[in-house]
Structure formats: C-alpha cells, structure tokens
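Single-structure report; data block below.
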Amino acid sequence: MKSRKVMNLFCLICFFMLMGGSQAWANVSAYLDHNPVALDSSFILHFDVVGDAGNPDFSALRQDFDILNQQQSSNISIVNGSFSRKQQWQVHLMPKRLGQFEIPAIAFGQQRSEAIRLEVVDAQPDGASQRDIFIEASVDQSNPYVQQQVLMHVKLFRAVNIGKASLSDPEHDQAVIKKLGEDRHGETRVNARRYLLVERTYAVFPQQSGVLVLPAISFEGQVMQYNGQMKTQRVRSESIILQVKAMPTQVQGNWLPVESLEITEAWPKKTPELEVGQALTRTIEIRAKGASASQLPDVVLKATTHVKVYPDKAKLHDEVDASGVTGSRLQSIALVAGKEGLVVLPEIEVPWWNTQTQRVELARLPKRRILIKAGASLATETPKVVPHASKPELQTAPKSSVEAQDNDVWMFVSLALAALWLLTLLLWWKGSRHRSTSTSQNPLNLETEKKALKVLEKACKSKDSKACRAALLAWSSVVWPEKNIQNLGMLRHEMNEKTNGLLAELEAHLFSAQQGNWDADALLLCIKNVPDAQKSMAKEGYSVQTL
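So that you can map any letter, position 517 of the sequence shown is 527 in this note's numbering, and since no number is skipped, the others follow by simple counting.
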C-alpha cells in the first residue's frame, strides 16, 4: 500500500516537472492560407504555438490590414508519459491597399513568430465583368451649384451567394445627403454573365462651392468558396469628384436652386369677406422639386390697422422617390378683422433659380381684396325715443239744459282734472327714480355671474379654447344682457386694450389651421378684474335707454 502511494506521488512530481519545464520554452510558427491575396478579399494568418506562451498582441497588424475576426483553440496531450500542449490562432485580415507588405513578427510571451512577406494584387483580372462582385457609383451632374440637388446612383452587382453583407452610405461634412426610398432589386447581364442587382439613389446637396470628393462606396460580405468555407470579401467603387459652383452674382436675396417651384393659396370661402371681430385662415403652400422643405423661405404678411395677422408654425414635409426630393412648406395665417373697410393684401413673390433654364424666376400670388363690414352688434343703434307722457284729454261734462251755459261749473271741472293730472306725473316721477336707484345698487345677478366665472375658470385651466369661448359669451350675457353679445369681436368692444389683445390671441387660436398659443391664465385674470363700475354703468345706461 505504501509503495503504491509513493508511486503516485512520484508520477505527480514528474507531471509538474514537465509542466514547469514546458513554460520555459515554446515554438511559434506562422503561415498564410494563400499568397498573393486580392485587394478585395480576406485571408487568414495562422499561428501554431507548441508549449506554453502568453497572449499575443496583434495591434501591429492594423497599420496595413483590417482585423475582421480572430479565433483561438488549444489542446493538451500525454503520449507514453510525454506531455505536450498546442495552441492555434487564426486571424482574418483584409488588406487596405495594393503593394508588397511584411507581416511583422508577433510576440507570444518570450517567443516571437517570424515575419512573412505578402503581396496584395488588383482584384480585377480582365475587367469588371469578370469579377464576382463589383460596385458602380455615378451622379447625374458633376458641376452643380451650391445647395443644388445632385442625384447619386449606386449599383451593386453580384454573381455569387453572399452572407452577412453590408453596403456603406456616402458621407461628407460639406454636403447634406439623403437616401431616396428603399433599395431596388433586380437582375441584369454584363458581357453575357448574369448578375443580381441592388440599386440605391441618394440626393446630395453640396453646402460649399469648390471641389467636393464623395468617398468610395464599400461592400463587405461573406462569400462561399469552392471548398465550402466562407470568406470575407470587400469591394469599393470609385470616388466621385464634384466641381461645385458658387451662387450667381445676379442673384440677390433668397437663393433657391430647384427644378420647379409653385406657390398656391386656399381660403375657407371663395370671396373673402369679414365682419369686425371675425377671423379667417389663409393657407399658403410652397412646393419645390429638387429642394428639401427646410430650404424653402418663410411667408411674411404684415398687419395693418384693419387686419391683425397671426401666423401658425409652418408644416414642413419632404416627398422622396427615385427622381429626387420634393419639399413643401404649408403656412396657415389667421387674419382677424379689426376695423371696417376695404383691405388690399399685397402681392406675394418667391424668387428661385431655375436649374433647367439657368435663370432667376418668380412665383407669385396676386393681390387679394377683403371687405370688412361692421358686425351686426356694431351697427349704430337708433336710440329708442321715449314718448313723453301725454296730457289726458279734458273731458267735457255732458251738457244739461239747465247748466250748459254755466261757466263757474266748467271752471271747477277743469281745475279738478288738472289736479289729477299733476298727481299722476308726481307718482310716475317717484316710481322711475326708485327703479333707477334700485338698478344702480344691484345691476347684476351676482350669484349667476359667480357661476359663469366658475365655468370660465374651469375652461381656462383645462386650456380648452372652445369651452373658454362659450364660457366668455355666457358670462357676457349675464353682465350685459341688453347687448346680445354673440362673438368675441363684439365682446372686445367692452374691454380694455390688454384684454382685447388676449381675446385676439384666443380668436387666432380658434380660427387657425394649427393650434397656436394663447394665455388662458392672463385672460381669466383680466375677466375677473373687470371693474364693477364698468358693469354698473353699462347696466344703468341700458335701463335709461329702454324706459
């Protein structure tokens, strides 16, 4: 039993001696899977390490090659008591350029591999038609103006099956580049060889004049080899050089180089006509082929004494297809009538550079006339004439045969009727004075007004413009029932300048195509602070007028 334990201990010691000895040496060999290699194809650099060695550092390879992938495996074997360890490294590389290269020695702990000579050759032996994969890149014009649209077409031809493939997009810091639509797939033949075709189109907008070099488009994917293994392959197109022209000297102001441009407008009714306090929305759209929406100019309308102008935020939209970008800018403008009369809106012009005819052109909207009428509530009211109390007719007493000629009796009757008439006038004067005093002391139903203000406060806090308008009209019907206020324009005639502005904002919000901002809190505060004297005077004036 003892001898068996001693034998096991002896074997264990021998094993560790072999392990310790193996760390003192290692044999490193390096070789390539093929040489020379094509520029657009990957190759494998193999390392076999016998014995123990440290982890390698492959960073020196990045100077001339792209490291696509690396794999490592190891095994340990004991044969007839002999211990051995073997490690294998596979580094997948892609050359960056043509020429003769030296793959540097790689360190594995204390040991190093030997340097290897490598030749990188051109990938096309007899022209593009003989290659399995190739790319063509072209533009519709090489001498555009600055900010003019250039269509770039990219075509990928492949005659082999591929996997894990990617196609790069063009990029440049002096150009805006947009991909137009989805990839288009098809099939074609080049010199009688069948290829599967992938097409892409880009819109390129140069942002500076001068020479602009669009970098090569690159493809990278795995291709099945004859031996069944997958091999990474990369191909590149030729780079494209654009000579970008500056804006012509004859162009003044807005610079917009496009193929075509049109400006249109829309009104809610055929003949624009308004009443004071009302609003309508004018919608103006600019569409340009060959420009993005962000390039299109703003439409500016100036306010007048008759019309207030409230523009909404413009809607920008780009339509893209294989023929390029068509940008549209939709601008809605609320016009609020402030004063009656005939308003002439000026002509609108948008200058643009026609890239087809090489000259400046103008897109126009003609002048528009708007008739603003006084609202029904603003028409001058004919004061109601209060009829004066007429004297009661003096009734003649029936004549009797005895007293027909009696003047004394007639005088008495006349005096009695006059006294009765004076008494009637006195009683009427006291009653009208009492009603006037009563009205001035209590001009409003305060409880009803309080409820109306609560409804208005709720609408303002919820930012509900329609509910706010309804609540304002309900409140005004309580405060000024005699005025029959039917819209916000009529209400503005009872308010001060600050409240007028807030009501105009609410009108613009209600009548505009896009919902703008309105200050609900400020409006509520102004309404709550309408002086009681203002309400009482209005009420009292109404009472006197309608007696």
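Virtual Cβ for every residue (Gly too), placed ideally from N, Cα, C.
Its Cα nearest to that of His-316, the residue Ile-382 stands out among Thr-367, Ile-382, Gln-366 and Ser-302. Between the alpha carbons of Leu-78 and Asp-331 lies a distance of about 35 angstroms.
Cβ neighbours of Thr-211 within its own chain (closer than 8 angstroms, five residues either side excluded): Leu-161, Met-162, His-163, Val-164, Lys-189, Leu-190, Gly-191 and Ala-332. Take the alpha-carbon of Gln-100 and the one of Asn-153: they are about 48 angstroms apart. By the C-beta criterion, the region 45 to 61 is judged to be in contact with the region 99 to 119, since at least 3 inter-stretch pairs fall below 8 angstroms.
By the criterion of at least three beta-carbon pairs nearer than 8 angstroms, the region 302 to 322 is in contact with the region 251 to 270.
In the displayed model, Gln-184 falls within coil according to three-state DSSP, outside both helix and strand.
One Cα belongs to Trp-485, the other to Leu-290, and the distance between them is close to 25 angstroms.
From the listed residues Ser-270, Leu-284, Ala-276 and Lys-349, the smallest Cα separation to Gln-368 is found for Ser-270. When beta bridges are read from the DSSP output, Lys-241 appears opposite Val-233. Assigned with DSSP and collapsed to three states, Glu-275 falls in strand. The C-beta of Asn-45 has fewer than 16 other C-beta atoms within 10 Å across all chains shown, which makes the residue exposed.
In the DSSP assignment, Trp-363 falls within the unbroken beta strand (DSSP E) covering 358 to 364. Under the 8 angstroms Cβ criterion, the region 172 to 182 does not count as touching the region 277 to 287, having fewer than three qualifying pairs. Measuring C-alpha to C-alpha distances from Trp-362 to each of Gln-262, Gln-82 and Phe-53 identifies Gln-262 as the nearest.
Contact between the region 291 to 299 and the region 120 to 127 is absent, with fewer than three C-beta pairs closer than 8 angstroms. Using a Cβ distance threshold of 7 angstroms, Leu-534 and Glu-467 count as a contacting pair.
Counting only residues of its own chain and dropping the five nearest sequence neighbours on each side, Pro-321 has a CB closer than 6 angstroms to the CB of Ile-343. Counting C-beta atoms within 10 angstroms of its own C-beta, Ala-40 has 16 or more neighbours from the protein chains shown and is therefore classed as buried.
Spatial neighbours of Val-354 in its own chain (CB-CB distance under 7 angstroms, excluding positions within 5 residues in sequence) are listed in chain order as Lys-377 and Arg-379. In terms of Cα proximity to Val-335, the closest of Ile-187, Pro-491, Gly-348 and Pro-258 is Ile-187.
Taking C-beta atoms under 8 angstroms as the contact rule, Asn-364 and Glu-371 qualify, at a distance of about 5 angstroms. Beta-bridge pairing by DSSP links Asn-79 to His-102. Just measuring C-alpha positions, the residue of Asn-171, Val-221, Asp-150 and Ser-148 sitting nearest Gln-184 is Val-221. A distance below 7 angstroms separates the beta carbons of Leu-55 and Leu-103.
Taking the Cα of Val-60 as reference, the smallest distance to any Cα among Asp-67, Arg-95 and Lys-279 is reached at Arg-95. Membership of Ile-126 in any alpha helix (DSSP H) is not indicated; the residue belongs instead to the beta strand (DSSP E) covering 126 to 131. Boundaries of the beta strand (DSSP E) around Lys-325: 325 to 331. Distance check between Thr-458 and each of Pro-491, Lys-471 and Gly-337 places Pro-491 closest, using alpha-carbon atoms only. The three-state reading of DSSP puts Asp-531 in helix, counting H, G and I together.
Here DSSP, grouped into helix, strand and coil, assigns Lys-377 to coil.
The three-state reading of DSSP puts Leu-108 in coil, since its state is none of H, G, I, E or B. Comparing alpha-carbon positions, the option among Arg-141, Asp-132 and Val-319 lying closest to Leu-345 turns out to be Val-319.
At the C-beta level, Ser-247 and Pro-225 stay beyond 7 angstroms of one another. About 7 angstroms separates the beta carbon of Pro-216 from that of Gln-157, a gap short enough to meet the 8 angstroms contact definition. Counting the other Cβ atoms within 10 Å of the Cβ of Gly-238 gives fewer than 16, which makes it exposed.
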